[in-house]
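Here is the structure we will look at.
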Amino acid sequence: MPETESASSGSPRAAIVTGGARGIGRSVVERLIDADHHVLVIDVNEKGVASLADLERDRPGTVTAVLGSTLDRPLVEQAVGDLVARCGRLDAVVNNAGLTLPATFLDQTDDDWDRIVDSNLKGAFVVSQVAARHMVERGGGAFVHVSSVSAHGVRTGPPAYAAAKAGIEGLSRLMAVQLGEHGIRVNSVVVGTTATPWLLGRKSDDELDAMRATTLLGRLADPEDIAAAIAFLVSDDARHITGQLLSVSGGQWLA
Ligand SMILES: NC(=O)c1ccc[n+]([C@@H]2O[C@H](COP(=O)([O-])OP(=O)(O)OC[C@H]3O[C@@H](n4cnc5c(N)ncnc54)[C@H](O)[C@@H]3O)[C@@H](O)[C@H]2O)c1
């Protein structure tokens with residue numbers, strides 16, 4: 648089956664990581680490059696996209712960084728079309744992009760609701776639909792959606808974020824059901840609090856200790872922990888896994 652054509656067939660695999668310019672997405676990009684993928688990143692973060700261009704200069708042929716939003720359908724169609732033309736294949740899509748803005752249920756504004764839901768959920772829909780049309784032609788591929796323990800009431804936060812992440816889990820299952828006949832697998836990773844550079848730069852030691860105490864393992868995820876789970880789910884080792892949620896939260900899910 649096409650998806651099991653491995654990198655040993657000679658041509659590098661092709662992957663898309665949205666929001667791959669920094670944080671968890673950046674670790675996913677590096678992990679997939681190490682697993683012999685050429686990675687297309689679509690991200691609105693200008694500085695992060697420029698740093699990926701430096702990575703491509705250091706390791707030619709590894710990454711194409713496009714500055715733009717997952718909500719910009721013409722840009723997404725162009726970038727994904729260029730990737731398929733370059734690599735002759737499309738193996739994996741990681742829908743990681745998203746933002747959140749502080750709010751409680753009682754003070755969430757309509758504008759922030761739209762920004763949070765659009766970036767986390769509608770952007771994933773746009774990228775997934777564009778990519779899936781290419782994968783259907785080829786007869787295989789894998790999607791991973793990045794969800795959050797916030798969708799399961801584990802952490803407090805803006806209602807729009809919890810709703811968007813619950814929505815992405817529903818979208819993920821629906822895609823698994825409708826795309827399985829094309830050899831396309833679709834799963835979600837439910838991410839717990841992760842020690843990204845952004846978080847580490849803003850929280851005090853006491854605040855980080857309090858966060859660690861919310862996990863069963865007494866530690867926060869490193870971005871690499873999330874990247875490892877995602878790399879597994881897009882790999883051939885996961886060829887019989889679809890429609891699933893994998894929690895990578897140190898047990899925060901249960902705590
Ligand atoms: N860090 C955590 O503790 C944590 C916990 C649970 C879930 N998550 C999820 O993991 C993912 C990555 O989080 P992170 O902490 O690395 O965040 P981050 O803010 O460091 O990275 C997110 C990236 O997405 C990009 N982005 C946002 N909206 C975009 C859009 N519409 N189009 C293109 N790019 C866009 C940003 O520019 C940024 O580079 C997110 O989906 C987040 O909800 C993170």
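In my numbering, the protein residues as written are 648 to 902. For glycine and all other residues, C-beta sits at the position ideal for the given N, C-alpha and C. This one's a predicted model, so the numbers in the text were calculated from it and none came from an experiment.
Could you give the first and the last residue of the continuous beta strand (DSSP E) run that contains residue i?
i	result
A712	V710 to L714
G788	G788 to S795
I689	H684 to D690
A662	R660 to T665
I831	I831 to V838
A739	A739 to N742
Just to confirm the assignment, what range does the alpha helix (DSSP H) spanning residue i have?
i	result
V766	Correcting the residue type first, residue 766 is Ser in the shown sequence and not Val. From DSSP, S766 is part of no alpha helix (DSSP H); its letter is neither H nor E.
V801	It is not in any alpha helix (DSSP H) - V801 carries neither H nor E in the DSSP assignment.
S896	Counting along the chain, S896 falls outside any alpha helix (DSSP H), and DSSP gives it neither H nor E.
A875	P870 to V881
D705	E693 to D705
Do residue i and residue j have their CB atoms nearer than 8 angstroms?
i	j	result
I831	P805	no
A668	D701	no
S658	P870	no
L880	I888	yes
L768	G800	no
Taking its Cβ as the centre, do 16 or more other Cβ atoms sit within 10 Å of residue i, making it buried, or is it exposed?
i	result
P848	Rather than Pro, the amino acid found at residue 848 in this sequence is Gly. It is exposed - the Cβ of G848 has fewer than 16 other Cβ atoms within 10 Å.
V824	exposed
Q899	buried
S656	With a pLDDT of 49 at S656, under the threshold of 50, the modelled position of this residue cannot be trusted; read the value that follows with caution. It is exposed - the Cβ of S656 has fewer than 16 other Cβ atoms within 10 Å.
R660	buried
E677	buried
F752	exposed
Residues in its own chain within less than 8 angstroms of residue i by CB, not counting five upstream and five downstream?
i	result
V783	L826, H829 and I831
Q755	P805, P806 and A807
A868	V838, G839, T840, T841, A842, V895, S896 and G897
E703	T709, V710, T711 and A712
A682	A654, R660, A878 and S882
V727	I663, L687, L737, V774, V777, A778 and H781
Does the beta-carbon of residue i, which I'm using as the reference point, lie nearer than 7 angstroms to any heavy atom of ligand 1?
i	result
N767	yes
S894	no
T747	yes
T862	no
A697	no
L846	yes
D872	no
Among residues of its own chain, excluding the 5 on either side of residue i, which ones have a beta-carbon nearer than 7 angstroms to its beta-carbon?
i	result
G666	G672, D690, N743, A744 and G745
D765	L718
Short of 6 angstroms in beta carbon distance, which residues of its chain neighbour residue i, apart from the five on each side in sequence? Order them along the chain.
i	result
V723	V773, V774 and V777
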